[in-house]
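Asker: According to my numbering, the sequence shown is numbered sequentially starting from -3.
Cβ coordinates follow ideal geometry from the N, Cα and C atoms, glycine included.
It should be emphasised that the depicted structure is a prediction, and the values quoted were computed from it without experimental measurement.
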Amino acid sequence: MIRNIVFDIGMVLADFRWAAYMRQDLGFSPELVDLFGEKVVQTELWDEFDLGVRETDEIIADMKARVPQYPREADLFFERIEDIAVAYPYSRPWLQELKQRGYGVYLLSNYPRSTYVVHEKKHFDFAALADGKVISGFERMSKPDPRIYRLLLTRYGLKAEECVFLDDREVNIAAAIAEGMKGILFTGYEEARAKLEELL
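Below, the structure is given as structure tokens:
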């Protein structure tokens, strides 16, 4: 029996809108959006950002060094990073409904420490509903490392077989299943909600 639903945040409960952020909020050209996506966002450095082992300032400096011809734009990108992610409209009502039905609700996400603090306060109104959370940047480990799933289970006294995990990356779902949890690959709200209801 499923008693607990565990959610990833980015692209599940919140839109990691990095391209729209640069295009709409910062006014970057399409070419510049593509360049920053390739050199900054979709890189191993962003994974390090999530992991939280190195100091944030060091990682940001390394990211900026990858676009040396655009120092002003790089500064702007990080100055206004609080708006790079926003909650989906369905997120808070969905978590609220699940809690009203008696399910435990937890967050398990790869997320930079400093950025998460800002985003939770400004954009993630669903976070206050969670019964617990494990955020990679605070723990210095990240999905799909098995230790982070075990940390969630032990910290909150959860049984793996009573948990279902929703994430937008197959490798993270596979890792959760390997730890004994059920898994749902998130490809969209309506489909994920239907799959979850089949398990509940």
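Which same chain residues end up closer than 8 Å to Ile144 when comparing Cβ atoms and leaving out the 5 residues on each side of it in sequence?
Answerer: Indexing the sequence shown from 1 puts residue 144 at position 148. Correct list, in chain order: Leu104, Val130, Ser132, Glu135, Met137 and Ser138.
Asker: State the CB to CB distance for the pair Ala81 and Arg19, rounded to an integer number of angstroms; the pair is presumed to be in contact (CB under 8 Å).
Answerer: To locate residue 81, count along the sequence shown from 1; it is residue 85. To locate residue 19, count along the sequence shown from 1; it is residue 23. Ala81 to Arg19, Cβ: 15 Å. No contact.
Asker: On the DSSP letters alone, give me the boundaries of the beta strand (DSSP E) that Phe134 sits inside.
Answerer: Counting from 1 along the sequence shown, the entry for residue 134 is found at position 138. Segment Ser132 to Glu135 is the alpha helix (DSSP H) holding Phe134; no beta strand (DSSP E) there.
Asker: Look up Gly184 in the DSSP assignment and say whether it is helix, strand or coil.
Answerer: For the purposes of this step, residue 184 is taken as the residue at position 188 of the sequence shown. Three-state DSSP puts Gly184 in coil, outside helix and strand.
Asker: Within 10 Å of its beta-carbon, does Arg49 have 16 or more other beta-carbons around it, so buried, or fewer, so exposed?
Answerer: Here the question's residue 49 lines up with position 53 in the sequence shown. Arg is not the amino acid found at residue 49; the sequence shown has Val there. That one is exposed.
Asker: Helix, strand or coil for Lys178, going by three-state DSSP, please let me know.
Answerer: On the sequence shown, position 182 is the one that residue 178 refers to. Residue state, collapsed to three classes: strand.
Asker: When DSSP labels each residue in this structure, what does Ile1 get in the three-state scheme?
Answerer: Mapped onto the sequence shown, residue 1 falls at position 5. Of the three classes helix, strand and coil, the one that applies to Ile1 here is strand, per DSSP.
Asker: For Glu75, tell me which candidate among Pro85, Tyr99, Val114 and Tyr107 has the shortest Cα-Cα distance.
Answerer: Taking the sequence shown and counting its residues from 1, the one referred to as residue 75 is at position 79. Selected option, being the one with the closest Cα: Val114.
Asker: Would you tell me roughly how many angstroms separate the C-alpha atoms of Thr183 and Pro142, rounded to the nearest one?
Answerer: The residue you call residue 183 lines up with position 187 of the sequence shown. The residue you call residue 142 lines up with position 146 of the sequence shown. Going from the Cα of Thr183 to the Cα of Pro142 covers about 23 Å.
Asker: Give the C-beta separation of Val2 and Leu125 to the nearest angstrom, bearing in mind that I take them to be a contact with Cβ-Cβ under 8 Å.
Answerer: Walking along the sequence shown from the start, residue 2 turns up at place 6. Walking along the sequence shown from the start, residue 125 turns up at place 129. Not confirmed; about 13 Å, so no contact.
Asker: Can you tell me which of Leu22, Asp164 and Asp21 puts its alpha carbon nearest to the alpha carbon of Pro140?
Answerer: Sequence index remark: in the sequence shown, residue 140 carries index 144 (1-based). That would be Asp164, whose Cα lies nearest to the Cα of Pro140.
Asker: Quickly, what does DSSP pair Val82 with across the bridge? List them, please.
Answerer: As a working mapping, residue 82 is identified with position 86 in the sequence shown. Per DSSP, Asp11.
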